[in-house]
Amino acid sequence: MDASLEKGADPTLAEMGKNLKEAVKMLEDSQRRTEEENGKKLISGDIPGPLQGSGQDMVSILQLVQNLMHGDEDEEPQSARIQNIGEQGHIALLGHSLGAYISTLDKEKLRKLTTRILSDTTLWLCRIFRYENGCAYFHEEEREGLAKICRLAIHSRYEDFVVDGFNVLYNKKPVIYLSAAARPGLGQYLCNQDIALLEKLIKDDVERGKLPLLLVANAGTAAVGHTDKIGRLKELCEQYGVWLHVEGVNLATLALGYVSSSVLAATKCDSMTLTPGPWLGLPAVPAVTLYKHDDPALTLVAGLTSNKPADKLRALPLWLSLQYLGLDGIVERIKHACQLSQRLQESLKKVNHIKILVEDELSSPVVVFRFFQELPGSDPVPKAVSPPNMAPSAIGRERNSCDALNRWVRMVVVCFLLHPRWL
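Shown next as structure tokens:
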């Protein structure tokens, strides 16, 4: 009721009108709430709990994430050891958030910025790892770069592949050569062919009408610490027109002042895959495949280059991290890992039941060793004690335990040497 009417009205009527107004308002509010609740039930009947209502506050969401990191959602958080990523790790993680923000810029600014980030990062990596005049492809999955290189090699050797597709492969089947020391699963990611004598095999393949396409060489595999004779392989690849791709943790030593000749030969290869994340202790940064090719059209169709800003922004976390560390910081981290490996190798040589498997790899961040124990029926080992009257089943279990221990220790040691500041 208006104030002007209340002044001229009977006080009793005015009071009744006021009470009626409040009662009607209460009824209307109750009706509105009922309708809203019914509407919510109809709309969100199949919606999970966290999405119902007006949303969750940030504290609750972060608490849920913390619970999921340490255990089940409904359980109390348990104490768990979280990797200390350090300031350089925060810089890398910032790159992902910053990349999402940059993607909201207008197209022209976005194009200029992403082009600058990509060109800078490519130039820096090529200079640091001695791969002059190379291009770079940044990828999340470490093996993805090799898959793209394989496509580029096919497009380069088969001129009609774009038009006729895989039909052109029937007359001359492409062959991919993998080292016996290649990391597990690599052959399944592309294709696999067992080789004993590579040069003889290539000749045989040529005589059979096949096309030698790609050779994947290793520069320090984490499994066996092996580095192929890359210089000789390069000569062989040039002779038969085979694309040479190199990968392995020893490529990190290209950033050091002294590099072994076997690893330095990798700078002459057609492409190489680098993993700066594990090498420098940087979380969530992409792997990088450096390559050399003169035809931009073929690199585009192979998927190695892209005009999409989102693809170029993959380099942003690495772009930020490399600037933060600087050349001195990058070299120091890799040198520190190599020094740790040398100290570990010297200490392991003094331990009984430990055999160093690779000792001729200088300045390598990988130490490969094996734990062994003398068992009944095996060759005697100095200072090894075998329990008497051991049953065959117990012998088998102990052998399996030793093998499992070797796999676990090797994995931990490689992890520690590559990024010691994480532990």
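Count the sequence shown with the working numbering and you get residues 2 to 424, in order. Glycine included, every Cβ here is placed at the ideal spot set by N, Cα and C. On a predicted model such as this, the values are computed, not experimentally measured, just so you know.
Closer than 8 angstroms by C-beta to residue i: which residues in its own chain qualify, once you throw out the five before and the five after it? Chain order, please.
i: proline 389; result: Because proline 389 sits at a pLDDT of 44, beneath the cut-off of 50, its placement in the model cannot be relied upon, and the following sentence gives the value as read from the coordinates. Nothing meets the Cβ criterion.
i: isoleucine 331; result: Ile129, Ala256, Leu281 and Leu323
i: glutamate 200; result: Leu237
i: isoleucine 118; result: Lys313, Leu314, Ala316, Leu317 and Trp320
i: glutamate 143; result: Thr274, Thr276 and Ala288
i: tyrosine 241; result: Ile203, Val207 and Pro213
i: glutamate 160; result: none
i: valine 243; result: Tyr178, Ile203, Pro213, Leu214, Leu215, Leu216 and Leu237
i: tyrosine 190; result: Residue placement at tyrosine 190 is flagged as unreliable, the pLDDT there being 38, under the threshold of 50; the coordinate-derived value follows with that caveat. Answer for tyrosine 190: Arg144, Leu147 and Ala148, listed in chain order.
i: serine 430; result: Nothing can be reported for residue 430, as the shown portion of the chain is limited to 2 through 424.
i: leucine 106; result: Leu114
i: glutamate 141; result: Pro287, Ala288 and Arg315
If contacts are defined as beta-carbon pairs under 8 angstroms, then residue i and residue j qualify, I think. What distance do you get, rounded to the angstrom?
i: leucine 126; j: leucine 291; result: 7 angstroms
i: threonine 268; j: arginine 131; result: 5 angstroms
i: leucine 1; j: glutamine 67; result: With the chain running from 2 to 424 in the structure shown, residue 1 is simply not present.
i: isoleucine 177; j: serine 272; result: Actually they are not in contact, since the Cβ atoms of isoleucine 177 and serine 272 sit about 13 angstroms apart, beyond 8 angstroms.
i: valine 302; j: valine 169; result: Actually they do not touch by this definition, with Cβ atoms about 14 angstroms apart.
i: isoleucine 231; j: serine 263; result: 6 angstroms
i: threonine 425; j: cysteine 339; result: Outside the modelled stretch of the chain, which goes from 2 to 424, sits residue 425, for which no answer is possible.
i: valine 368; j: leucine 345; result: 5 angstroms
For residue i, collect the residues of the same chain with a Cβ closer than 6 angstroms to its Cβ; drop the 5 residues on either side in sequence, then sort them by chain order.
i: phenylalanine 139; result: Pro287, Val289, Arg315 and Ala316
i: alanine 298; result: none
i: glycine 249; result: Asn219, Ala220, Gly221 and Thr222
i: glycine 100; result: Leu314 and Leu317
i: arginine 411; result: For arginine 411, the pLDDT reaches just 48, beneath the cut-off of 50, and the residue's location in the model is therefore unreliable, leaving the point undetermined.
i: arginine 334; result: Leu281
i: threonine 122; result: Ala316, Leu319 and Trp320
i: leucine 328; result: none
i: threonine 300; result: His294 and Thr306
i: serine 251; result: Serine is not the amino acid found at residue 251; the sequence shown has asparagine there. These residues qualify, in order along the chain: Ala220, Gly221, Thr228, Val264 and Ser365.
Short of 7 angstroms in beta carbon distance, which residues of its chain neighbour residue i, apart from the five on each side in sequence? Order them along the chain.
i: glutamine 57; result: Pro51
i: proline 175; result: Ile155, Leu212 and Leu214
i: lysine 235; result: Leu245, Ala266, Lys269 and Cys270
i: threonine 115; result: Pro310, Lys313 and Leu314
i: glycine 135; result: Cys127, Leu291, Tyr292 and Lys293
i: lysine 350; result: Ile357
i: leucine 283; result: Gln89, Gly90, Ala93, Pro277 and Ser322
i: methionine 70; result: none
i: phenylalanine 370; result: Leu349, Ile355, Lys356, Ile357 and Leu358
i: histidine 97; result: Ala285 and Pro318
i: leucine 95; result: Leu321
i: arginine 158; result: Leu212 and Leu214
i: valine 247; result: Ala218, Ala220, Ile231, Ala267, Cys270 and Met273
Could you give the first and the last residue of the continuous beta strand (DSSP E) run that contains residue i?
i: tyrosine 241; result: Unbroken run through tyrosine 241 is the alpha helix (DSSP H), 231-241; no beta strand (DSSP E).
i: alanine 288; result: 288-292
i: valine 217; result: 212-219
i: phenylalanine 372; result: 370-372
i: serine 272; result: 272-275
i: valine 176; result: 175-179
i: histidine 227; result: Taken as a continuous stretch (DSSP letters only), histidine 227 belongs to no beta strand (DSSP E), as it is neither H nor E.
i: lysine 356; result: 355-357
Considering residue i, what are the terminal residues of the alpha helix (DSSP H) in which it resides?
i: lysine 313; result: 310-313
i: lysine 201; result: 199-208
i: glutamate 248; result: Unbroken run through glutamate 248 is the beta strand (DSSP E), 244-248; no alpha helix (DSSP H).
i: leucine 323; result: 317-349
i: threonine 300; result: 297-302
i: serine 262; result: 262-265
i: valine 164; result: 162-165
Does any C-beta atom of chain C lie closer than 9 angstroms to the C-beta of residue i?
i: arginine 209; result: Annotation note: the requested chain C is absent from the structure, which comprises a single protein chain.
If we require 3 or more residues per run, which beta strand (DSSP E) segments fall completely within the stretch 56-144? 136-140
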